[in-house]
Amino acid sequence: MTTPLKNDRFLRALRREPVDCTPVWLMRQAGRYLPEYRATRAKAGSFLAMAKNPEIACEVTLQPLRRFELDAAILFSDILTVPDAMGLGLYFAEGEGPKFERPVSSAADVARLGVPDMETDLGYVMDAVRVIRRELDGKVPLIGFSGSPWTLACYMVQGGGSKDFAKIKAMALNEPATLHKLLEVTTDAVIAYLAAQRHAGAQALQVFDTWGGVLSPAMYREFSLRYMQRIAAELDRGQGAERTPLILFGKGTGQYVAELAATGTDGVGVDWTISLDQAARAAGGRVALQGNLDPTTLYGSPEAIEREVARTLDSYRDGNGGSREGHIFNLGHGMSPDMNPEHVGVLVDAVHRHSAR
Ligand code: 1CP
């Protein structure tokens, strides 16, 4: 079952080992900016129909790899599969993004929640991981993922996306014990979910703390960081060359790089609001760093993209004692549907060319 990897740059960089050039993958590299994705989605009918069909999830996972020399694949799924499996009823209202039929608003709602069964309730995700591993055939490693407990709780309490996070912040202020109970059971579910993806074949794991940056520092430490510390400490990732590395990505959480690096994670992902030299100094060589080009750079010209890629690579090197090792190039957040696929090719090639050792 273990086909040797033809391209292991991404995993080597996560272990801070030497590589021939800096590896690159892009958050939301599979998605609506690709015409072939839009065609597959139109045939399948909806995003959820794609995510729940392992063959289709595999197809869209592989689409960007056919076009670009990306160094990793990321499972096509969503962070909201976990609360859905916990019974909240995920649906997509046309043009409105994800929503839950039964949001969490009280201690009684939290008491009803349990850790879902990974092979029945979330079996479609594990099947997708197995199909993708088979079809990748060792081309590049496959990344599995989960939302962070705090970010998942945001959707569970708000019932969907939010601008001000009023409901969950009110819960944090008025009923902190209820919110901690929700975060505890969600953390249990996240750890089980990541472990199951690892057993199904995921070769690295990323936690998306997309909404960590909306918290004050005191609240971030209490309601987000604490639970990511639990994940880094409790998730069994194996040993030695077989170890499955963990990346903690946060949006707007660059000021916490030192604390994130101290959790025992293997990598930390940052957005573009911190410079990589500053992030690398804060990380102090304890972890690999992933990031952090502003995604809107893809709206720039090919020349502008090349220039910003070089600046990002050099910034990491300058903060890491003159060495490029231990860096995984990525955007600081996900791609948007109106981005030009040709510009992605320019970016990927510029990363490899400018960072060649
Ligand atoms: O086709 C469509 O209309 C659906 C859009 C879409 C896509 C392509 C959604 C709904 N999810 C996804 C896939 C997805 N989601 C991936 C695929 C792998 C890849 O990166 O290529 C991943 C990793 C996610 C993770 C995810 N979902 C996050 C964390 C990362 C991030 O972007 O911050 C979040 C916050 C979500 C929630 C979600 N799911 C979908 C949407 C539109 C949203 C955001 C809702 C909001 O604005 O709050």
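Counting from 1, one number per residue, gives the positions in the sequence shown under the UniProt record's numbering. Beta carbons: idealized from backbone N, C-alpha and C, even for Gly. Given the structure is predicted, the values throughout are model-derived calculations rather than measurements.
At the C-beta level, Phe329 and Pro64 stay beyond 8 Å of one another.
Of the other Cβ atoms in all chains shown, 16 or more fall within 10 Å of the Cβ of Thr263; this residue is therefore buried.
Taking 7 Å as the cut-off, one finds at least one heavy atom of the ligand 1CP near enough to the beta carbon of Ile79.
Every beta strand (DSSP E) stretch that sits fully inside the segment 85-145 and reaches 3 residues is listed by chain position as 90-93 and 97-100.
The Cβ-Cβ distance between Ala57 and Ala51 falls below 8 Å. C-alpha of Ala192 to C-alpha of Pro302: approximately 42 Å in a straight line. Around the beta carbon of Asn174, a 10 Å sphere encloses fewer than 16 other beta carbons of the protein chains shown; the residue is thus reported as exposed. Per DSSP, reduced to three states, the secondary structure at His327 is strand. The alpha carbon of Leu183 has as its nearest neighbour, out of Val157, Asp338 and Arg102, the alpha carbon of Val157. About 34 Å separates the beta carbon of Asp84 from that of Arg9, a gap too long to meet the 8 Å contact definition. Using a Cβ distance threshold of 8 Å, Gly212 and Gly161 do not count as a contacting pair.
Exclusion of Gln63 from the 7 Å shell around the ligand 1CP follows from its C-beta lying no nearer than that to any non-hydrogen atom of the ligand. By the Cβ neighbour-count rule, Asn320 is buried, with 16 or more other Cβ atoms within 10 Å of its own. When the beta-carbon positions are compared, Tyr124 and Pro341 stay at least 8 Å from each other. Among the bridge pairs identified by DSSP, Phe208 is matched with Gly147 and Phe249. Straight-line measurement puts the Cα of Val82 at about 15 Å from the Cα of Phe92.
Shortest Cα-Cα distance from Asn53 to any of Phe100, Cys21, Ile132 and Gly114 involves Ile132. A straight line joining the alpha-carbon of Leu194 with that of Leu235 spans about 8 Å.
For the pair Ala288 and Leu14, the CB atoms are nearer than the 8 Å cut-off. Assignment of Leu34 by DSSP, reduced to helix, strand and coil, places it in the coil class.
By the criterion of a C-beta distance shorter than 6 Å, Leu248 is surrounded in its chain by Val207, Met228, Leu260, Thr265 and Val268, once the five residues flanking it on both sides are discounted. For Lys163, the number of other beta carbons within 10 angstroms of its own is below 16, and it is reported as exposed.
Residue range Ala288 to Leu293 is occupied by the beta strand (DSSP E) that includes Ala288, with no alpha helix (DSSP H) assigned at that position. The Cβ atoms of Ala310 and His354 lie closer than 8 Å to each other. Take the alpha-carbon of Arg66 and the one of Gln239: they are about 32 Å apart.
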